[in-house]
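Some notes on the structure that comes next.
Protein chains in written order, with the working numbering: chain D, 1 to 481; chain Y, 1 to 481; chain S, 1 to 481.
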């Protein structure tokens with residue numbers, strides 16, 4: 001069994017193959033876009049108007065979330081901190097370079113080339129967030145080869161779904177609630193369903209946190225919390241739309257956070273705070289405002305959404321996660337269904353309400369910019385009228401609010417279906433024998449894949465100190481299923 | 001006694017009540033401002049001119065300081081890392097949503113509504129910094145209910161003081177030395193005076209740091225250090241004023257830092273460096289340049305202010321903090337009087353000197369923009385003349401430099417008075433029996449309010465190792481009083 | 001011996017002298033530049049056009065790299081975390097204030113004054129990066145007095161070299177590969193050659209990492225990784241040049257990172273991942289793309305450079321570092337020769353190839369902006385023609401691509417020569433008896449210069465647990481020589 005998890009050949013061969021493929025595809029297909037091609041600059045180009053200055057600040061903020069926020073957050077296990085942080089680093093790095101290509105074919109491809117600028121990287125980061133959220137479902141129970149394979153397969157399924165939903169169903173989803181959070185969630189649940197390990201339902205001795213790993217994980221939460229407004233607003237329209245997206249995200253996170261503290265205390269038998277709640281449930285508001293984040297929902301609605309999302313997320317951790325594990329064979333390690341699925345559902349419903357309530361009275365003519373599919377179609381005289389009020393308004397599909405709402409519903413179901421099927425199939429591939437999956441007893445242990453430092457032994461020795469009494473204390477750690 | 005610190009009912013009830021109040025007030029009063037309201041955008045609106053792009057970068061930097069900088073810095077106690085970081089998170093999150101409302105009524109209220117944009121959030125963050133600084137005085141000796149109550153009461157007192165000083169006394173205080181640092185300091189000292197715990201004057205066995213908590217705390221210092229220029233310049237005029245604010249803050253911090261190292265070594269009996277000095281005293285320069293941060297004080301003056309502020313802060317920790325604790329019943333846990341009070345005093349004096357020395361020779365006509373109260377009043381022919389040189393110059397009060405200097409002095413005294421009284425009264429409320437204040441022996445211990453991980457027990461066991469010899473070693477930790 | 005490392009007098013006296021010198025020089029020479037001088041603003045000044053808004057975002061990103069990225073990365077030793085992080089803080093802070101002066105005399109001096117704005121700080125940060133890289137060669141074996149002296153001497157040598165190369169040889173080196181990375185590397189090697197400690201070639205019992213220090217160090221890597229695109233692009237032309245620099249850096253780092261994982265696994269005898277590789281080798285791509293980072297090299301070339309640089313760096317750690325230590329008396333503690341020297345060499349060659357291949361066909365007229373020395377000289381009619389296409393194009397030297405390539409080669413050799421000689425001489429000064437150098441047995445130990453917390457004793461006690469078996473495990477730690 002120890003032979004089958006050895007990375008000495010598997011990982012390098014996989015990486016080498018991937019690199020050769022990526023190199024070849026970059027060589028043939030990837031070139032500079034209008035903002036990065038020196039030849040296209042002329043005496044009318046104002047360098048400060050380069051798209052870089054609109055995109056890079058948000059790209060950098062999301063980078064911090066991906067590499068440092070997720071990295072620290074996923075390092076919450078006591079004996080699995082190296083793996084949590086470092087596999088996140090590996091998976092994220094591979095995913096972005098892969099998504100540049102695959103998304104590139106779907107979104108930035110014409111005349112035989114993928115055109116590259118920071119905007120592609122920003123889009124690829126969102127694809128990367130999808131993979132990292134799915135990763136949360138199988139944290140501790142998968143090796144690096146499996147994770148690379150998951151990324152390899154998830155990105156095409158995601159890019160196809162994203163492209164199909166945006167091109168054919170055409171939805172409003174500025175914060176990526178449906179396409180990012182819900183897709184990632186159900187894909188991850190599909191994977192973990194296939195990778196079900198019955199013996200882990202009884203808990204695992206190493207499935208625990210330490211004082212330092214809990215603090216590290218809170219730091220990850222704080223980085224995610226601080227930069228979430230950038231995440232939710234990175235791909236909105238510039239101007240007041242982006243401004244509202246930032247406001248709403250901040251307000252939703254704030255109300256979500258204090259709610260999480262209250263719930264954590266009231267449902268602990270001695271009224272104490274549980275770190276897992278603070279690490280995860282506080283963030284629910286960021287997802288919950290997503291689908292309507294750029295709309296005129298009013299600040300108080302963002303506040304209420306934060307409270308609702310947080311509450312759903314909390315009870316999900318408390319009741320749904322154990323139920324899924326024990327009855328449905330779905331072991332959702334980090335509880336992504338609570339933080340991304342339940343909140344995503346609430347967010348989608350809120351988005352639909354916001355769409356149904358949207359009127360020219362509230363939005364003025366920019367209604368047709370935000371809800372671009374409601375804009376009159378090409379040739380409609382109302383379009384010309386609106387274009388005078390909003391220069392550059394693009395023709396839409398002339399949808400009514402009700403029609404748009406139905407398309408949103410369709411998108412939710414389509415996304416759930418595509419991601420679940422994709423996740424199940426990907427899980428089957430990840431289960432193949434040469435994927436270096438850890439054995440049940442080697443789960444949650446850095447020793448398996450890392451050359452650990454001398455003190456890891458002594459840390460390890462402390463495991464013997466975990467008495468029954470202390471085991472009981474860990475019962476509220478979010479990873480206990 | 002253990003019953004009285006249980007959060008199971010108290011914290012959720014308080015949070016619930018606060019949320020209902022905030023929801024109601026947001027619903028009735030809070031709406032979008034001109035930069036976030038879709039309806040107000042028209043064909044003359046350039047989205048890239050939205051105020052978001054001027055305010056958000058500074059907002060994000062201050063967010064990092066508040067949540068990560070303060071969070072890590074306050075996690076310096078060995079057995080109180082969860083509490084330091086997490087109570088900071090809770091307090092900050094609540095404070096900002098509360099300050100949006102209260103400051104909103106004072107500063108952004110007209111026609112029955114509070115108008116909301118990122119600029120309100122930025123102002124609320126400064127109010128939040130005030131509460132977190134005050135928190136430093138009582139760190140380790142207060143529970144989350146007390147902290148929320150402190151924030152609940154401090155914000156109105158602060159907002160009222162800020163409004164009254166800016167509206168009636170009208171001062172120059174770009175870096176917030178008087179209104180933020182000095183207010184926060186004397187409010188915190190007022191609170192801690194009321195919460196005096198005589199038994200803690202003899203030290204507490206858990207009032208100590210660990211190797212990891214010290215490193216974590218230095219990381220907090222570094223985040224504060226790096227983003228302090230954004231803090232000091234966030235609310236200055238744009239252009240050269242903000243540019244100078246950033247320069248001066250950086251220079252002041254730099255000279256302050258190397259001074260702190262020198263003083264730390266020279267006053268340790270074996271010439272060693274003390275981490276508490278590096279965590280705190282290095283930052284003194286950032287406060288000391290505050291009151292004159294946007295003025296033409298010259299780079300060398302910023303350098304000298306950093307050295308002076310650092311020196312005062314260092315000796316404050318060494319002599320004044322123990323004196324205050326033992327003779328004045330003021331237990332200033334993190335030494336906020338040194339880092340914010342003494343430096344604030346120096347900064348105020350420096351600001352007054354800079355005001356007295358300011359002349360048109362140095363500043364040109366923009367003298368009347370920076371020192372806006374010296375601008376000629378409405379109707380003065382000189383105003384029209386100046387408005388040709390500086391379009392958009394607002395009419396002022398026609399004050400002389402001497403008059404302005406006197407107003408600055410008045411503002412310092414008014415702020416100290418208001419904050420001290422406010423702090424004393426708030427302390428009385430926080431002392432009420434149902435506030436879940438920790439008992440003396442439960443201070444500085446995460447166990448009281450947190451569900452700690454299994455290894456906290458073994459960490460705890462190490463407490464028995466703290467011999468007399470080791471106690472002596474902690475004598476220079478800043479928390480020893 | 002213990003007397004000779006006492007900082008009580010030495011450090012304060014040195015800092016005091018430096019501060020007096022700096023204060024005097026700032027007072028006499030440093031004034032505000034056009035963007036920070038209030039007097040130069042008039043009714044045609046648009047505050048939002050102030051250079052601050054172009055420079056500050058990159059300055060802030062590099063600040064995070066310098067203080068937090070380097071700080072955490074250098075804290076990777078188990079018993080030397082305080083020193084790694086805190087000496088980095090001290091050295092960086094001093095270096096920047098010193099570089100503002102010294103670089104100021106070379107680059108920003110006219111009419112008897114150094115003109116100061118954030119752009120000077122940004123340049124000084126690059127000088128600071130040079131010193132911190134060199135510091136990596138002697139980490140653990142030098143005290144703070146030595147480090148300050150190193151910075152004191154390295155900055156003038158660096159500034160002179162930088163000035164001479166840019167003014168007389170005139171090269172393309174947007175990412176600072178030659179002037180920053182290679183200079184820093186060979187200077188550091190020069191210093192460590194002089195400070196050779198034969199006894200450390202057999203390893204040192206404290207030259208080891210811990211579980212927590214390894215994680216902290218990865219966090220440092222992640223901060224460097226995330227903000228490296230800002231570092232490599234901070235001083236390029238604005239617009240498409242900067243945009244390409246960001247793209248290439250990101251792509252180079254990405255391919256470098258996955259390559260590092262593959263190499264780490266394949267060369268470990270049991271196929272495990274080594275943290276030292278993840279902390280260092282992953283970053284190689286950032287240096288390797290440096291010299292051609294703003295050119296039209298195509299995305300695939302950036303990808304390939306990342307792979308090549310990473311490979312060279314990895315084998316450097318594996319074979320070259322031990323060879324240098326045992327045969328050449330060059331103990332390169334952090335392996336800077338691998339991460340900055342070998343990659344710098346590859347980058348320089350790639351830069352030369354890119355220069356030789358650059359044509360108007362690919363770049364259009366902006367060829368003469370990026371390769372500014374190839375622009376026609378003053379008076380050439382072709383210059384006027386080009387200036388119509390690119391307003392503001394400066395006259396160049398009319399060099400051919402081949403000529404420019406030769407100058408690049410000259411610059412590489414000149415930089416290596418100057419830095420090596422400078423490093424050797426600086427090493428001699430640092431070896432003087434009153435420099436408080438730690439004895440061999442006190443290396444890698446915080447105890448020597450820090451007032452450590454009580455649990456450091458117990459951490460220390462764990463040292464006895466380091467058995468032979470565990471020693472073997474550390475054999476792949478990058479610090480083992």
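Just so it is clear, CB atoms sit at the ideal spot from N, CA and C, and this is done for glycine as well.
Residue nearest to residue i in terms of C-alpha spacing, selected from the options
i	options	result
residue 205 of chain D	D/90, D/148 and D/445	D/445
residue 421 of chain Y	Y/245, Y/151, Y/157 and Y/332	Y/157
residue 235 of chain Y	Y/223, Y/179 and Y/252	Y/179
residue 375 of chain Y	Y/345, Y/307 and Y/170	Y/170
residue 56 of chain Y	Y/16, Y/117, Y/343 and Y/153	Y/117
residue 196 of chain Y	Y/437, Y/452, Y/238 and Y/454	Y/437
Which of helix, strand or coil DSSP assigns to residue i
i	result
residue 138 of chain Y	coil
residue 168 of chain Y	helix
residue 283 of chain D	helix
residue 130 of chain Y	helix
residue 30 of chain Y	strand
residue 460 of chain S	Low local confidence applies: a pLDDT of 49 at residue 460 of chain S is under 50, so the model's placement there is unreliable, with the coordinate-based value given in what follows. Residue 460 of chain S: helix per DSSP, three-state reduction.
residue 269 of chain Y	coil
residue 110 of chain D	strand
residue 490 of chain D	This structure leaves residue 490 of chain D out entirely; chain D is present only between 1 and 481.
residue 12 of chain Y	helix
residue 143 of chain S	coil
residue 399 of chain S	coil
residue 190 of chain S	helix
residue 427 of chain D	helix
Short CB-CB distance (under 8 angstroms) between residue i and chain D
i	result
residue 27 of chain Y	yes
residue 238 of chain S	yes
residue 85 of chain Y	yes
residue 317 of chain S	no
residue 43 of chain Y	yes
residue 123 of chain Y	no
Residue i versus residue j: straight-line alpha-carbon distance, rounded
i	j	result
residue 460 of chain S	residue 168 of chain Y	Low local confidence applies: a pLDDT of 49 at residue 460 of chain S is under 50, so the model's placement there is unreliable, and no value is given.
residue 130 of chain S	residue 137 of chain S	12 angstroms
residue 348 of chain S	residue 408 of chain S	8 angstroms
residue 441 of chain D	residue 198 of chain D	12 angstroms
residue 18 of chain Y	residue 288 of chain Y	36 angstroms
residue 166 of chain S	residue 209 of chain S	41 angstroms
Short CB-CB distance (under 8 angstroms) between residue i and chain S
i	result
residue 212 of chain D	yes
Per DSSP, the bridge partner or partners of residue i
i	result
residue 451 of chain S	Y/274
residue 116 of chain S	S/32
Short CB-CB distance (under 8 angstroms) between residue i and chain Y
i	result
residue 437 of chain S	no
residue 70 of chain S	no
residue 231 of chain S	no
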